[in-house]
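> For reference, the structure I am asking about is given below.
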Amino acid sequence: MIVQTSGKKSPSFLDEVIAATPGGEKIAHCMQCGSCGGSCPNAADMDHTPRTLFALINAGQREKVLSSNAFWCCVSCYSCTARCPQNIPITDIMYALKRLSLRSGLAADTDAPALARTFTGLLDRYGRSFEFGLASRYYLFNKPLSMLKMGPLGLSMFTRGRMSLVPSKIRQLDQLQNIIKRAREIGGES
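To convert, note that position 116 of the sequence shown is 131 in this note's numbering; the numbers rise steadily by one, no gaps.
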């Protein structure tokens, strides 16, 4: 779908989402059945279900979609994708919307991008999550005063052996880092 503006052809928001998602052209086949939202464990936390997001994408509501919290609530369980009668790659579309939201600067009202950057930074460095590092880095750089409130919980987790103060790396971390590097190259990220 191409939208005509001031004599120049520009891609529609739908085209942008399709281009950003492997298999994204299947979004055009959405029947609005609601299977995606009905099977989502976090649908109650979303301001828009995937079905609603798809309708908004088709309507060209770029800002409304990219400022939504829906894709940040997605836990990548793939229940929606598995149950979609049209085989739409819903979870992959959610990831594409996250990337588009970050690039456009419309993810400003949520902590999810900062938490995601902190998590992926640790994953890049150690090959796994490191709870103490995740919490301390996130709060230190994003909510330093709130970090003080988390102290008792952190101490309780540490004394019960539920949290390590030192990260551990996976074996063959270099292989994982090469995979991540290649995925970023394919996805057009730096």
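Note that CB positions come from ideal geometry on N, CA and C, so glycine has one too.
As a quick exercise: from P128, F147, R143, pick the residue whose alpha carbon is nearest that of T174.
F147
> Can you tell me which of the three DSSP states P26 falls into?
strand
> So L68 and A43 are in contact, right, with Cβ under 8 Å, and what is the actual spacing, rounded?
About 14 Å; that fails the 8 Å criterion.
> In whole angstroms, give me the CA-to-CA distance for R152 and M46.
43 Å
> Quick one: what's got a C-beta closer than 8 Å to M178's C-beta in the same chain, skipping five residues either side?
E146, F147, G169, M172
> What are the boundary residues of the alpha helix (DSSP H) that includes P56?
Neither: P56 is in no alpha helix (DSSP H) and is coded neither H nor E.
> Just verifying my parser: in three-state terms, what is the DSSP assignment at P65?
helix
> Which residue comes first and which comes last in the alpha helix (DSSP H) that contains C48?
Here C48 belongs to no alpha helix (DSSP H), and DSSP marks it neither H nor E.
> In angstroms, rounded to a whole number, what distance separates the CA positions of P182 and Y141?
Taking the straight line from one Cα to the other gives about 7 Å.
> For V32 versus A122, is the C-beta spacing smaller than 8 Å?
No, the pair does not count as a contact, with Cβ atoms beyond the cut-off.
> Verify whether the separation of the beta carbon atoms of L115 and L81 is less than 8 Å.
yes
> So, under 8 Å CB-CB, S50 and P100 are touching, yes? Tell me the CB distance rounded to an integer number of Å.
Their Cβ separation, rounded to whole angstroms, is 7 Å, which keeps S50 and P100 in contact under 8 Å.
> Using the Cα positions of A34 and R199, report the straight-line distance between them to the nearest angstrom.
If you take the alpha carbons of A34 and R199, they lie about 16 Å apart.
> Could you check where the alpha helix (DSSP H) with T96 kicks off and where it finishes?
94-98
> Would you mind sorting G166 into buried or exposed? The rule is 16 or more other CB atoms within 10 Å of its CB.
exposed
> In angstroms with no decimal places, state the Cα-to-Cα distance between P65 and T135.
In this structure, the alpha-carbon of P65 lies about 24 Å from that of T135.
> Sorted by chain position, which residues of the same chain lie with C-beta nearer than 7 Å to N157's C-beta, five sequence neighbours on each side aside?
D126, A129
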